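Undergrad: In the UniProt record's numbering, the protein residues as written are 1 to 309. The beta carbon of each residue, even a glycine, is placed where N, CA and C say it ideally should be. This one's a predicted model, so the numbers in the text were calculated from it and none came from an experiment. Please read through the structure below; I'll follow up with questions.
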Amino acid sequence: MRCRKEEELVELVRRNKNYIKDGKVADYIPALAKADPDKLAIAIYSKEEGCLSAGDVGELFTLQSISKVLTLALAIMDVGKEQVFSRVGMEPTGDPFNSIAKLETMVPSKPLNPMINAGALVVTNMIHGSSVEEKVGRILQLIHDMTNNPTIGINDEVADSEYESANLNRALSYFMKQHGIIDDDVEMLLEAYTKQCAIEVNCKDLARIGMVLANEGKDPETDRPIIPRYIARIVKTFMVTCGMYNASGEFAINVAIPAKSGVSGGILSLVPNEMGIGVYSPPLDQKGNSLAGNKLLENLSAQYELSIF
Ligand code: DON
């Protein structure tokens, strides 16, 4: 692996801490506003070195939109690629993650991709399970398999806080139900979606998830298949084209590796066949991506020439 020394990561964290003050912690989900803005952490996971980390790596945070990568993989495993992409598109939007605008103007009326909220709601609707508990239990099982950490669970305070304030996601869901894109009961769908977003991890867990995707869907220690290779490739491609929302183009140029952000300040990233990366820092830029996290990844990529292009 290109980075072999933890001290190099410690130095990268030190250099990027300054950017924290330029961002703003998300508060449209009230419980997220309680995050300590001063945190910055990175973990990288490779087959040879295992996990190297620096900064506030013990800090727990919720997956938020990072969960969309994992639910997409699970939905394709459950119902197949054809069925999933009959209801959600494959194109970047150029709009914010929670935008409703294109839903009405697109023909046929389906969300542009599975990384925006509308698309992710459709994806969660397709995951097998006859109850919220069963669906969320299956998402958690996938995450336990990818992280090898069976203690990962849901932050109920964050889940409840989002469920109570998710009026925009409610509006998106009712609109899509009216147009036959989703068939679940809307409140049950929102409960499952807000719980998947509230799954709580640390940076090391994210790095191991990234490593499984980097390793073509196989466990990095045992090579046991967790996600079929073609599905791991689909989700990594979405990470490149849509993972940082309407900043995905800029990120592809400046950082040049697959990544998916969440409004809690986490970023899941990876270098194919080489390493998984987890980053955390709660203050966000205007597009909802971790500001210092983004800069840290940019520096990491430049320092070790990680570009996949
Ligand atoms: O649905 C929402 O708005 C949140 N649960 C997730 C949004 C999110 O993480 C966007 N990411 N940067």
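Along the chain, where does the beta strand (DSSP E) containing Tyr280 start, and where does it finish?
TA: Per DSSP, Tyr280 belongs to the beta strand (DSSP E) from Met275 to Tyr280.
Undergrad: If you draw a straight line from the alpha carbon of Ile308 to that of Asn246, how long is it in whole angstroms?
TA: C-alpha separation (whole angstroms): 20 Å.
Undergrad: Would you decide whether Arg87 is buried or exposed? Buried here means 16 or more other CB atoms lie within 10 Å of its CB.
TA: Burial call: buried.
Undergrad: Considering only heavy atoms of the ligand DON, does any lie closer than 7 Å to the CB of Phe238?
TA: No - the ligand DON has no heavy atom lying nearer than 7 Å to the Cβ of Phe238.
Undergrad: Could you check if Gly265 is buried or exposed, using at least 16 other CB atoms within 10 Å of its CB as the buried criterion?
TA: Gly265 should be labelled buried.
Undergrad: Is it the case that the Cβ atoms of Phe97 and Gly288 are separated by a distance below 8 Å?
TA: In contact: Phe97 and Gly288 (Cβ atoms closer than 8 Å).
Undergrad: Smallest Cα separation from Tyr193: which of Asn202, Arg170 and His179?
TA: Closest by alpha carbon: Arg170.
Undergrad: Given Glu59, which residues of its chain have a CB within under 7 Å of its CB, disregarding the five upstream and five downstream residues?
TA: So the qualifying residues of the chain are Lys39, Ala41, Asn202 and Tyr280.
Undergrad: Within 7 Å: the Cβ of Ser65 and any heavy atom of the ligand DON?
TA: Yes, the Cβ of Ser65 comes within 7 Å of a heavy atom of the ligand DON.
Undergrad: Determine whether the beta carbon atoms of Ile127 and Thr71 lie at a separation below 8 Å.
TA: Closer than 8 Å, so yes.
Undergrad: Measure the beta-carbon distance from Ala207 to Ile44 and round it to whole angstroms, keeping in mind my assumption that it falls under 8 Å.
TA: 6 Å between Cβ atoms; contact.
Undergrad: Rounding to the nearest angstrom, what Cα-Cα distance links Ala54 and Lys177 in this structure?
TA: When rounded, the distance between both Cα atoms is 45 Å.
Undergrad: State yes or no: is the C-beta of Cys197 nearer than 7 Å to some heavy atom of the ligand DON?
TA: For the ligand DON, at least one heavy atom lies less than 7 Å from the Cβ of Cys197.
Undergrad: To which residues does DSSP link Glu200 through a beta bridge?
TA: Looking at the DSSP assignment, Glu200 forms a beta bridge with Thr62.
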